[in-house]
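Throughout the sequence shown, residue numbering follows the working numbering, covering 673 to 861 in sequence. Built from N, CA and C at the ideal position, the CB exists for glycine as well. Here's the structure we're looking at; comments come further down.
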Amino acid sequence: MRISKEPEVRRQEIIDTAMRVFSERGYEATTMKDIAREMKVASGLCYHYFPNKQELYETAVRQYARACTAGFVEIFRRTELSLDESLELLGNVWKTARTGGVFAYESFFHGKGNEIFHYQLDVAVIRELLPWVTAYLDALKARGEIGVPDTGAAARFVLYGQIGMVDDRSIPLEERIERIKELIVRTLA
Numbered sequence: 673m674r675i676s677k678e679p680e681v682r683r684q685e686i687i688d689t690a691m692r693v694f695s696e697r698g699y700e701a702t703t704m705k706d707i708a709r710e711m712k713v714a715s716g717l718c719y720h721y722f723p724n725k726q727e728l729y730e731t732a733v734r735q736y737a738r739a740c741t742a743g744f745v746e747i748f749r750r751t752e753l754s755l756d757e758s759l760e761l762l763g764n765v766w767k768t769a770r771t772g773g774v775f776a777y778e779s780f781f782h783g784k785g786n787e788i789f790h791y792q793l794d795v796a797v798i799r800e801l802l803p804w805v806t807a808y809l810d811a812l813k814a815r816g817e818i819g820v821p822d823t824g825a826a827a828r829f830v831l832y833g834q835i836g837m838v839d840d841r842s843i844p845l846e847e848r849i850e851r852i853k854e855l856i857v858r859t860l861a
């Protein structure tokens, strides 16, 4: 018997299944047919929503980047916060996200041999955050709380510059957060 689902529900089901199969088998070894088989549907259904595996993957990355950054964006929207206040809240969001299931596809992006995919996620996350961080820095600059001449350049520098620290799991999370906060404060002074 055919089970009919709303298009957005079905689309999300395909994305979630694809990411699970990518985690289990690897991106390169997975085909659209594998994803359909896992869902117990005809492969044509997957192609109805996504023209190819790459488009499916890119959609999943963008969607996941939005989910991973949602808590951070909420803080950057609060342009009345001081830099110290926002950094404290951002650290708390990061800690909560690490333990609260926000990073649903973490096993794929942090899996051995998936470094290129993890880098793609880092870039997608930065693209999501950049306009918010820039606007927040604009507000800080307008209040005289930071002295950087170009808030857009400062936002890019801070976001891209912290990737190495964010991804360095050899350093405990609390210590990474404190180091990043210190470097951001010094950079924006």
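With 16 other Cβ atoms within 10 Å as the buried cut-off, status of T823:
Within the sequence shown, numbered from 1, the residue matching residue 823 stands at position 151. So T823 counts as buried.
Do V857 and R848 have their C-beta atoms within less than 8 Å of each other?
Counting from 1 along the sequence shown, the entry for residue 857 is found at position 185. Counting from 1 along the sequence shown, the entry for residue 848 is found at position 176. No, Cβ-Cβ distance for V857 and R848 is not below 8 Å.
Can you round the beta-carbon distance between L762 and F744 to whole angstroms, since I take them to be within the 8 Å contact cut?
What you label residue 762 is simply residue 90 of the sequence shown in a count that begins at 1. What you label residue 744 is simply residue 72 of the sequence shown in a count that begins at 1. Their Cβ separation, rounded to whole angstroms, is 6 Å, which keeps L762 and F744 in contact under 8 Å.
Beta-carbon proximity check, L728 vs I686, cutoff 8 Å
Position 56 of the sequence shown, counted from the start, is the residue given in the question as residue 728. Position 14 of the sequence shown, counted from the start, is the residue given in the question as residue 686. Their beta carbons are under 8 Å apart, which means L728 touches I686 by this criterion.
Using the Cα positions of F748 and S758, report the straight-line distance between them to the nearest angstrom.
On the sequence shown, position 76 is the one that residue 748 refers to. On the sequence shown, position 86 is the one that residue 758 refers to. Roughly 7 Å separates the two Cα atoms.
Enclosing alpha helix (DSSP H) for S754 [first to last residue]:
Mapped onto the sequence shown, residue 754 falls at position 82. Per DSSP, S754 belongs to no alpha helix (DSSP H) and is neither H nor E.
Let me check understanding here. Comparing Cα to Cα, which of T751, L793, S754, T741 lies closest to T768?
By one-based count along the sequence shown, residue 768 stands at place 96. It is T741.
Is it buried or exposed for Y699, if we count other Cβ within 10 angstroms and need 16 for buried?
For this step, residue 699 is matched to residue 27 along the sequence shown. Y699 should be labelled buried.
Let me check understanding here. Comparing Cα to Cα, which of S676, K712, G833 lies closest to A690?
For the purposes of this step, residue 690 is taken as residue 18 along the sequence shown, with counting starting at 1. Per the Cα distances, K712.
Exposed or buried, which one is K725 when buried takes at least 16 other CB atoms within 10 Å?
Position 53 of the sequence shown, counted from the start, is the residue given in the question as residue 725. Counting Cβ neighbours within 10 Å, K725 comes out buried, since at least 16 surround it.
Can you tell which of K705, M704, L717 has the C-alpha that lies nearest to the C-alpha of E680?
For the purposes of this step, residue 680 is taken as residue 8 along the sequence shown, with counting starting at 1. The candidate whose alpha carbon is nearest that of E680 is L717.
To the nearest angstrom, how far is the alpha carbon of V765 from that of Y791?
Mapped onto the sequence shown, residue 765 falls at position 93. Mapped onto the sequence shown, residue 791 falls at position 119. Distance between the alpha carbons of V765 and Y791: 21 Å.
Tell me whether the beta-carbon of L900 lies closer than 8 Å to the beta-carbon of L860.
This structure leaves residue 900 out entirely; the chain is present only between 673 and 861.
Is the beta carbon of I798 closer than 8 Å to that of L831?
Position 159 of the sequence shown, counted from the start, is the residue given in the question as residue 831. Position 126 of the sequence shown, counted from the start, is the residue given in the question as residue 798. A contact, by the Cβ cut-off of 8 Å.
Spatial distance of L812 from N786 (CA atoms):
Within the sequence shown, residue 812 is the residue found at index 140, counting from 1. Within the sequence shown, residue 786 is the residue found at index 114, counting from 1. Cα to Cα, the separation comes out at about 37 Å.
Taking I707 as part of the alpha helix (DSSP H), name the residues at either end of that continuous run.
Start at 1 with the first residue of the sequence shown, and residue 707 comes out as number 35. 704-711 is the extent of the alpha helix (DSSP H) around I707.
Alpha helix (DSSP H) segments (min. 4 residues) lying fully within the region 829-857
835-839
For M704, I'd like the list of residues in its chain whose CB is within less than 7 Å of its CB, leaving aside the five on either flank, ordered along the chain.
Taking the first residue of the sequence shown as 1, we reach residue 704 at position 32. These residues qualify, in order along the chain: S715, C718, Y719, K725.
Could you compute how far the alpha carbon of R851 sits from the alpha carbon of E710?
By 1-based counting over the sequence shown, the position of residue 851 is 179. By 1-based counting over the sequence shown, the position of residue 710 is 38. Cα to Cα, R851 sits roughly 43 Å from E710.
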